[in-house]
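Asks: Under the numbering used here, read the sequence shown as residues 40 to 537, first letter to last.
Cβ atoms here follow ideal geometry from the backbone N, Cα and C, with glycine treated the same way.
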Amino acid sequence: MSNNIAKKLTLTSLVLMIFTSVYGFANMPRAFFLMGYGAIPWYLLGAVAFFLPYACMMAEYGAAYKKEKGGIYSWMNSAVGPKYAFIGTFMWYASYLIWQVNVSSSIWVPLSNALFGEDRTGALSLWGLNSTQILGILAVIWIIVVTLISSRGISAIQKVTSVGGSAITLLNILLIGGGLLILFLSGGNFAQPVTGENVNVLASPNPAYQSAISILSFFTYAIFAYGGIEAVGGLVDQTEKAEVTFPKGVVISSIVISVGYSIGIFSIGCFTNWNEILSNPNVNTANVTYVVMNHLGRQLSLALGSSDSAALITGNIFARVSGLAMFFALTGAFFTLIYAPLKQLIEGTPTHLLPTKLTKLDSREMPMNAMIIQGIIVCILILLVSFGGENASTFFNKLVTMTNVAMTIPYMFLSIAFVFFKKKKDIQKPFEIYKSYTAALIGTVIVTFIVGVANIFSIVEPAVHGNWSDTIFAGGGPILFAIIAYILYWRYENNYIK
40 MSNNIAKKLT LTSLVLMIFT SVYGFANMPR AFFLMGYGAI PWYLLGAVAF
90 FLPYACMMAE YGAAYKKEKG GIYSWMNSAV GPKYAFIGTF MWYASYLIWQ
140 VNVSSSIWVP LSNALFGEDR TGALSLWGLN STQILGILAV IWIIVVTLIS
190 SRGISAIQKV TSVGGSAITL LNILLIGGGL LILFLSGGNF AQPVTGENVN
240 VLASPNPAYQ SAISILSFFT YAIFAYGGIE AVGGLVDQTE KAEVTFPKGV
290 VISSIVISVG YSIGIFSIGC FTNWNEILSN PNVNTANVTY VVMNHLGRQL
340 SLALGSSDSA ALITGNIFAR VSGLAMFFAL TGAFFTLIYA PLKQLIEGTP
390 THLLPTKLTK LDSREMPMNA MIIQGIIVCI LILLVSFGGE NASTFFNKLV
440 TMTNVAMTIP YMFLSIAFVF FKKKKDIQKP FEIYKSYTAA LIGTVIVTFI
490 VGVANIFSIV EPAVHGNWSD TIFAGGGPIL FAIIAYILYW RYENNYIK
């Protein structure tokens with residue numbers, strides 16, 4: 040092995056890798072839209088009660104199973120058992136199906152902003168179909184095209200992802216730097232007041248987030264903002280002096296990311312008044328990023344002394360750049376995630392657990408049959424949700440809630456398995472942050488409780504306001520996938536094990 044290949048990650052490079060895999064730009068405008076400044080303490084709580092202890096668990100898993108090919112299935116199988124591992128892994132995979140439903144429907148929002156400087160998806164109308172139904176049809180077409188292209192290999196997509204990543208970095212600089220500059224040029228006057236009579240920065244300005252259940256349901260958004268830390272576990276064996284550097288990297292990353300989110304949410308309030316800009320019924324969780332960036336461009340231009348017409352042009356440019364950056368980033372992520380989780384499910388689980396036709400790889404080492412079935416399932420889910428008779432804003436909000444719930448529930452499987460992992464003495468643990476079983480048990484209880492409670496409130500909250508369909512979609516999806524996983528394992532148990 041050459042010296043270049045053997046080179047280990049330093050503390051700085053480790054922190055940067057964790058930061059880029061977790062930090063999401065759109066989380067900040069979305070958080071401000073839902074909770075205003077009140078999102079900040081929830082994001083800080085999410086870092087302390089979820090991100091930090093969970094990342095440490097992933098680090099220990101990664102060190103113990105660094106030679107295993109099956110990813111999280113191998114982790115849970117060794118710690119608990121194959122049935123638990125398969126159900127947890129299948130639900131993790133299924134969460135990406137919900138992610139595909141969300142992104143394939145909402146990716147047209149950044150594209151609209153890139154082309155027109157504003158979100159026009161809510162005004163779509165054709166052949167008697169409303170905007171939500173047209174978006175659903177576009178999403179189905181997108182799934183078909185991406186499935187066909189990705190099945191042939193995606194080396195060209197890496198360039199798109201690279202461009203998108205660089206553009207997202209630029210958006211972060213614009214948002215935080217621009218917001219703080221506007222605050223300075225305005226003499227310290229916040230567009231969204233932080234002091235004064237009847238001002239409560241911990242309360243949400245959003246009418247939909249006034250009850251205790253609604254506010255608690257927001258915690259799922261905060262947890263979801265720290266998603267992607269499963270990748271952290273795979274970096275342990277590549278880190279210089281891992282037993283010292285890795286804990287430091289995780290702690291520093293959690294501080295940097297949580298503070299970064301907090302500053303970003305705070306900076307939006309420097310130039311955005313919620314009631315004036317975000318109370319518009321056409322603003323939703325899918326397009327709020329571009330609404331905020333358009334407004335940032337206008338306000339920054341005005342603060343620098345430009346005319347109203349020049350400010351409008353600047354705002355349009357900011358929205359177009361934001362839309363283009365997010366479109367590239369989401370496209371790159373989509374081409375990867377449409378096959379990577381599926382391939383891990385196939386490679387990680389035992390032979391015969393899944394139907395043989397699904398596990399067959401073609402000449403390009405791609406699971407083409409499984410990708411086709413996956414595409415059909417995602418298209419059916421898209422059509423079920425998009426033809427549910429709701430407007431575009433409600434449609435997008437429902438998709439985001441579904442994604443948050445589906446993608447955070449697998450965290451509970453991994454955190455519960457961790458306490459069994461720590462108890463087994465026969466598992467070699469070359470790297471440990473939780474030095475005792477008691478510490479591991481406390482960490483497991485905290486993470487599982489936090490994620491469980493947040494998801495319960497997120498699922499129940501729509502029903503409290505009479506939106507039973509949202510509750511059914513948010514909670515029913517993971518339950519359905521758990522039942523499917525159980526049936527598949529029951530079939531495997533009876534036909535092959537016995």
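(1) Report yes if the C-beta distance between I385 and T398 is below 8 angstroms; otherwise report no.
(2) Quick one: using the 10 Å Cβ neighbour count with 16 as the cut-off for buried, is H504 buried or exposed?
(3) My output table needs one value for F459: the three-state DSSP class, helix, strand or coil.
(4) Rounded to a whole number of angstroms, what is the C-alpha to C-alpha distance between P501 and S143?
(5) Name the two residues that bound the continuous alpha helix (DSSP H) containing S508.
(6) Using the C-alpha atoms, what's the distance from N534 back to F58?
(7) Can you tell me the Cα-Cα spacing of S113 and Y104, whole angstroms?
(8) Assuming G482 is part of the alpha helix (DSSP H), what are its boundary residues?
(9) What span of residues does the alpha helix (DSSP H) with S425 cover, start to end?
(10) Assuming contact is defined by CB atoms lying nearer than 8 angstroms, are S361 and Y329 in contact in what I supplied?
(11) If I measure Cβ to Cβ from P149 and keep anything under 6 angstroms in the same chain, skipping five residues before and after, which residues do I get?
(12) I need the straight-line Cα distance from I146 to Y476, nearest angstrom please.
(13) Compare the Cα-Cα distances from R69 to each of F452, K47, I307 and I188 and report the closest residue.
(14) Assign T259 to one of three DSSP states: helix, strand, or coil.
(15) Can you grab the Cα-Cα spacing for the pair Y82 / Y260, in whole Å?
(16) Do you know how far the Cα of T160 is from the Cα of L174?
(17) Would you check whether the ligand MG has a heavy atom nearer than 7 angstroms to the C-beta of P406?
(18) Who are the near neighbours of F71 in its chain, counting only those whose CB is closer than 6 angstroms to its CB and skipping five residues on each side?
(19) What does the alpha-carbon distance come out to for the pair S346 and Q338?
(20) Once you ignore the five residues that flank I188 on each side, which residues in its own chain have a CB closer than 8 angstroms to its CB?
(21) In terms of alpha-carbon separation, which member of I79, L213 and F90 lies closest to V233?
(22) Does DSSP put L392 in a helix, in a strand, or in coil?
(23) Three Cβ pairs or more, each shorter than 8 angstroms: is that satisfied between the segment 449 to 459 and the segment 476 to 488?
(24) Could you name the residues that DSSP lists as bridge partners for T284?
(25) If you pair each beta-carbon of the segment 120 to 140 with each one of the segment 507 to 520, do three or more pairs fall below 8 angstroms?
(26) What separation, rounded to the nearest whole angstrom, lies between the Cα atoms of M97 and Q383?
(27) For a test of the three-state rule: what should DSSP assign to I196, helix, strand or coil?
(28) Can you tell me the Cα-Cα spacing of E157 and W313, whole angstroms?
(29) Evaluate contact between the segment 242 to 253 and the segment 491 to 501, counting only Cβ atoms and requiring at least three cross-stretch pairs below 8 angstroms.
(30) Grab the span of the alpha helix (DSSP H) containing P469 for me, first residue to last.
(31) Taking just the CA atoms, how far does G63 sit from I207?
(32) In this structure, does DSSP put T278 in helix, strand or coil?
(33) On the three-state DSSP scale, how would you describe L343?
(34) When you compare only the Cα positions, how much space is there between N319 and P92?
(35) So, at 7 angstroms on beta carbons, what are the nonlocal neighbours of I472 in its own chain, with the 5 sequence-adjacent residues on each side left out?
(36) Using only CA atoms, which one of G354, M74 and N228 lies nearest to P246?
Replies: The relevant details are as follows:
(1) Yes, Cβ-Cβ distance for I385 and T398 is below 8 angstroms.
(2) exposed
(3) helix
(4) 23 angstroms
(5) W507 to Y531
(6) Within the model, the alpha-carbon separation for F58 versus N534 is close to 45 angstroms.
(7) 8 angstroms
(8) Y476 to V503
(9) First-last of the alpha helix (DSSP H) with S425: M407 to S425.
(10) yes
(11) G362, M365 and F366
(12) 45 angstroms
(13) I307
(14) helix
(15) 9 angstroms
(16) Their Cα atoms are separated by approximately 8 angstroms.
(17) The ligand MG is absent from the structure shown, which contains no ligands of any kind.
(18) I304 and I307
(19) 11 angstroms
(20) F374
(21) I79
(22) coil
(23) yes
(24) Paired residue(s): none; T284 is not in a bridge.
(25) yes
(26) 17 angstroms
(27) Confidence at I196 is low in this model, with a pLDDT of 46, below 50, so its placement is unreliable and the value that follows should be read with caution. If DSSP states are grouped into helix, strand and coil, I196 belongs with the helices.
(28) 18 angstroms
(29) yes
(30) Segment: none, P469 is in no alpha helix (DSSP H) and carries neither H nor E.
(31) 9 angstroms
(32) strand
(33) coil
(34) Roughly 39 angstroms separates the two Cα atoms.
(35) Cβ within range, chain order: C95, A98, E99 and P286.
(36) Put simply, of G354, M74 and N228 the residue whose alpha carbon is nearest the alpha carbon of P246 is M74.
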